[in-house]
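Novice:
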Amino acid sequence: MDKKDLRKKQKELLSSFDRPVYEHKSFLVARELYKTEEWDTSQTIALTVSNFPEVDTWQIIRKAWEDDKRVLVPKCSPKDRRLDFYQLDSFAHLEKVYFGLLEPNPAECTFVEKDVIDLVIVPGLAFMRSGYRLGFGGGYYDRFLENYQGRTLSLAFHEQVMEEVPVEHFDVPVGRIITEGAVLNCE
Numbered sequence: 004m005d006k007k008d009l010r011k012k013q014k015e016l017l018s019s020f021d022r023p024v025y026e027h028k029s030f031l032v033a034r035e036l037y038k039t040e041e042w043d044t045s046q047t048i049a050l051t052v053s054n055f056p057e058v059d060t061w062q063i064i065r066k067a068w069e070d071d072k073r074v075l076v077p078k079c080s081p082k083d084r085r086l087d088f089y090q091l092d093s094f095a096h097l098e099k100v101y102f103g104l105l106e107p108n109p110a111e112c113t114f115v116e117k118d119v120i121d122l123v124i125v126p127g128l129a130f131m132r133s134g135y136r137l138g139f140g141g142g143y144y145d146r147f148l149e150n151y152q153g154r155t156l157s158l159a160f161h162e163q164v165m166e167e168v169p170v171e172h173f174d175v176p177v178g179r180i181i182t183e184g185a186v187l188n189c190e
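Numbering of the sequence shown is given in this note's numbering, commencing with residue 4 and proceeding in unit increments.
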């Protein structure tokens, strides 16, 4: 199956979860995340502000603030397909951009260099146990991660972990995948 078809299939699958199931599964994934060494030792965490049906990161952002962690969220630059991360201190500092995505408003948030990020939580639609993932398209994270030295992981519902996803030479795997009941160490 090619990337386009797999993206469509995964979006349909995830969209089929009713809200209570989605909320419960997201809660279980978050609970597994909070048990990890990466969560405990990371002071600066970069992650997206989720849109249904992605694993809910709103609760994770709140928990990070509660734990006095520095939360960074990405702003995409479509012109050069670049990700820049900004510190988010309030959901009120987000703005809606293309495709309904929520990104930091640069007038309200401070830009942060990648070398101070302890942990990047990388989004995706499908994942292999080896850490390779199928993202939402555009290669933003692969470009960002190619010279990032910190730790990476992804959050996924177990239905998103597959035997195989299309992998290309520029794809960058994550170190771990966190699901509702497991922490998968990637090779």
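All residues carry an ideal CB built from backbone N, CA and C; glycine is no exception. Because the structure is a prediction, the values reported are computed rather than measured.
Three-state secondary structure (DSSP) at S80?
Specialist: S80 falls in the strand class under three-state DSSP.
Novice: Kindly indicate which three-state DSSP category F88 falls into: helix, strand or coil?
Specialist: Looking at F88 - three-state DSSP - the assignment turns out to be strand.
Novice: Is the stretch 110-130 in contact with the stretch 19-31, if contact means three or more CB pairs nearer than 8 Å?
Specialist: At 8 Å Cβ cutoff, the stretches do not touch.
Novice: If I measure Cβ to Cβ from D5 and keep anything under 6 Å in the same chain, skipping five residues before and after, which residues do I get?
Specialist: Nothing meets the Cβ criterion.
Novice: Please determine, among E106, Y89 and D70, the residue with the shortest C-alpha to C-alpha distance to L97.
Specialist: Checking every option, the nearest Cα to that of L97 belongs to E106.
Novice: Identify the residues that DSSP records as bridge partners of R73: which are they?
Specialist: DSSP, once it has assigned bridges, lists T47 as partnering R73.
Novice: Report the residue ranges of all alpha helix (DSSP H) runs contained in full by the stretch 125-160; include only those spanning at least 4 residues, in chain order.
Specialist: If we require 4 residues or more, the alpha helix (DSSP H) runs fully inside the stretch 125-160 come out as 143-148.
Novice: Identify every residue that forms a DSSP beta bridge with E98.
Specialist: Per DSSP, E106.
Novice: Please name the residue, chosen from R73, V170, T113 and G142, that lies closest to D83 on a Cα-to-Cα basis.
Specialist: Of R73, V170, T113 and G142, the residue nearest in Cα terms is G142.
Novice: Is the distance from the Cβ of R179 to the Cβ of S45 below 9 Å?
Specialist: Going by C-beta atoms, R179 is not nearer than 9 Å to S45.
Novice: What did DSSP end up calling I181 once you bin it into helix, strand or coil?
Specialist: Note: I181 maps to strand in three-state DSSP.
Novice: Of the choices L122, V164, P81 and K14, whose alpha-carbon is the least far from that of F55?
Specialist: Checking every option, the nearest Cα to that of F55 belongs to K14.
Novice: Just to confirm, is the Cβ distance from T47 to K78 under 9 Å?
Specialist: Not a contact, by the Cβ cut-off of 9 Å.
Novice: Buried or exposed, going by whether 16 or more other CB atoms sit within 10 Å of the CB of V100?
Specialist: It counts as exposed.
Novice: Out of curiosity, what's the CA-to-CA distance linking V170 and Q163?
Specialist: Cα to Cα, the separation comes out at about 15 Å.
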